[in-house]
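Residue numbers (this note's numbering): 2 to 198. Using N, Cα and C, we set each Cβ at its ideal position, and we do this for glycine too. This report refers to the structure that appears directly beneath it.
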């Protein structure tokens, strides 16, 4: 079954903000207005405002809006770590392919015991997850560039020193054997990169 890559809202349900709801609840607690007036003033649904106000009186925990069947797989922190890892790999001139990002996402979910909808047979996150991840974090797919004459001229003492400045801390941290340090000549068809504006 084909699914669109971007969801288009069909209703205006829950189009109010949490901030507006909090201000409406504060005005109710202060006794400055009733449910109807607060709902109109802060542009929030009266029934939701009333329900939340009554639950707040019972010392209920902080509410958050929930609409839709699918929630984000990773917390903001875990997703930020995955983005940071992707950017670090790119800065070390090793762009990750879409398959490697999907595999990393699957491994991250499994190792952290996160409930996910990824494919357990292929051990990969889905394409829809990948597209949403790229959009949320302003990453894009790029074709790696072939070595040009300008790049060949850029192979100088300063560039080599820069390479070893990156390699040395990694070598100290991971203690790679010499057999694990090599030049990758073949290039993938697409890599993940930071979007250029």
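Alpha-carbon to alpha-carbon, residue j and residue i
i	j	result
residue 82	residue 35	45 Å
residue 24	residue 50	11 Å
residue 2	residue 165	With a pLDDT of 49 at residue 2, under the threshold of 50, the modelled position of that residue is not reliable, and no figure is offered here.
residue 61	residue 142	Reliability fails at residue 61, whose pLDDT of 43 lies under 50, so the model's placement of it is uncertain and the value that follows must be treated cautiously. Taking the straight line from one Cα to the other gives about 44 Å.
residue 157	residue 107	40 Å
residue 76	residue 137	13 Å
residue 176	residue 98	25 Å
residue 37	residue 122	53 Å
residue 179	residue 163	20 Å
residue 101	residue 181	19 Å
residue 127	residue 118	8 Å
residue 11	residue 86	36 Å
residue 124	residue 174	28 Å
residue 30	residue 96	53 Å
residue 15	residue 155	54 Å
residue 80	residue 42	37 Å
residue 9	residue 120	25 Å
Of the listed residues the options, nearest to residue i (C-alpha basis)
i	options	result
residue 78	143, 110, 155	110
residue 160	43, 94, 30	94
residue 133	155, 178, 119, 73	73
residue 44	181, 22, 155	22
residue 47	32, 33, 17	17
residue 135	9, 84, 42, 120	84
CB contact below 8 Å: residue i versus chain B
i	result
residue 136	The question asks about chain B, but that chain is absent: this structure has only one protein chain.
Cβ distance (whole Å) where residue i is taken to contact residue j below 8 Å
i	j	result
residue 103	residue 131	6 Å
residue 40	residue 28	Not quite, the Cβ-Cβ distance comes to about 10 Å (not below 8 Å), so this is no contact.
Which complete alpha helix (DSSP H) runs does the region 11-60 hold, if anything under 4 residues is left out?
19-31, 36-43, 47-58
So, do the region 113-120 and the region 159-176 have three or more beta carbon pairs nearer to each other than 8 Å?
no
Touching by the beta-carbon criterion (3+ pairs, under 8 Å), the region 82-90 and the region 45-59:
no
Quick one: complete beta strand (DSSP E) runs, 3+ long, within the region 83-162?
140-143
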